[in-house]
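Heads up: the structure comes next, in structure tokens.
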Amino acid sequence: MDFLQTMAPFLLASIGGLYTEYSGTTNVAIEGYMTMGAFLFITITKVTGSFYLGVFLALSIITVLGFLHGFLTIKLKANPIITGLAVNMGFFGIISALAYKIFRTKGVILLENSREFDTNSIILLSLLIPFLTIFIMKHTRFGLRLKVRGLSKKTLIYSNINPDFYRTTAVIVSGLFSGIAGIFLGMELRSFIPNISAGRGWISLVIIYLGRKNPIGILLGCILFSVTQMLSNFGQSQDIPSDLILASPYIFTLIALILTSKSQKQRD
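Residue numbers (my numbering): 1029 to 1296.
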């Protein structure tokens, strides 16, 4: 179960990012959405005392933020990389300001006396999403049009279909999946801490390319990275320098990305 708990947020965020890749853009704000999802869930749950309201309102707000992000990128034709980085920085600033305003702290926000949350449903969702995505992309009108949008915007225009709708929806879906990953982290810790995502959003972007923008490839990439994460956790109990242990999953991912990129170039 520990392995699945390690893998779930990576899988959710990576598949979410895959939707924007299919639409022809890249969502570099995954890290921000994960952090915002965790913050909103913990804050709303703490203030209202309702777990379900915390989840519902957190995802509702993430949906609105995803729409605004998509509007800036697509309707206003802003550079998606710059917009994504701005979203990340903006989210972190908003979180810091709200945390101080509501709780008078910029540090840890605890859910006191809270029961242990059942994360099994989110773990199951994360395992189903790659296969659900394959079905959507191959057998639904939305999925087929989304992929066409990524390949040729003019094809949809000639068919009298609004191409911006599909890319905006992809950004929202990416934000939602990343937000769910953040909620999962908050549920595990029963608290919010600054930098709760700990680079998982950036690693998820790497996994998308490591898996060659394929749901099954992404699943395998998440498995590989989670194995290295578990090994690094095990290594902390051994006589190995802690900095090397903590860096090992990221070093492995970087090496794997370089090797797969080199392999892809040789094939091309």
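Where is the CB? At the ideal position from N, CA and C, for every residue including glycine. Note that this is a predicted model, so its numbers are computed, not measured.
Excluding the 5 residues flanking it on each side, F1170 has same chain C-beta neighbours closer than 7 Å at I1164, in chain order.
Closest in C-alpha terms to A1041, from the list M1258, T1196, G1203, E1216, comes G1203. Around the beta carbon of V1075, fewer than 16 other beta carbons sit within 10 angstroms, so the residue counts as exposed. By the CB criterion at 8 Å, F1119 and M1215 fall outside the cutoff. For L1138, the pairing in a beta bridge is given by DSSP as S1219. Comparing C-alpha distances from R1143 to each of T1133, S1219, A1086 shows the shortest one belongs to S1219.
Annotation for K1181: the continuous alpha helix (DSSP H) segment containing it runs 1181 to 1186. Judged by their CB atoms, L1213 and S1225 are nearer to each other than the 8 Å cut-off. Judged by their CB atoms, F1099 and T1196 are nearer to each other than the 8 Å cut-off. Around the beta carbon of E1059, a 10 Å sphere encloses 16 or more other beta carbons of the protein chains shown; the residue is thus reported as buried.
Ranked by Cα distance from F1067, the first of G1052, A1125, N1055 is A1125. The Cβ atoms of H1097 and V1176 do not sit closer than 8 Å to each other.
Excluding residues up to 5 positions away in sequence, I1070, T1073, K1074, R1218, S1219 lie with their Cβ nearer than 7 Å to the Cβ of L1139 in the same chain.
Distance from the Cα of T1256 is smallest, within the candidate group P1222, G1229, A1284, W1230, for A1284. DSSP, reduced to helix, strand and coil, places S1232 within a helical segment of the structure shown. Straight across, the Cα-Cα distance linking T1168 with S1180 is about 18 Å. Straight through space, the alpha carbons of F1038 and C1250 are spaced by roughly 6 Å.
Straight-line measurement puts the Cα of I1208 at about 9 Å from the Cα of Y1061.
Membership of A1066 in the alpha helix (DSSP H) is indicated by the continuous run 1058 to 1076.
Between the alpha carbons of P1243 and M1064 lies a gap of roughly 25 Å. With a contact defined as Cβ atoms closer than 8 Å, Y1050 and G1178 qualify at about 5 Å. In terms of Cβ geometry, N1116 and A1057 form a close pair [threshold 8 Å].
If the five residues before and after T1147 are omitted, its C-beta is found closer than 8 Å to the C-beta atoms of Q1033, A1036, F1212, M1215, E1216, all from its own chain and listed in chain order.
Cβ contact annotation for I1089 (same chain, cutoff 6 Å, sequence separation greater than five): L1068, in chain order.
In the structure shown, F1084 falls within a helical segment according to DSSP collapsed to helix, strand and coil.
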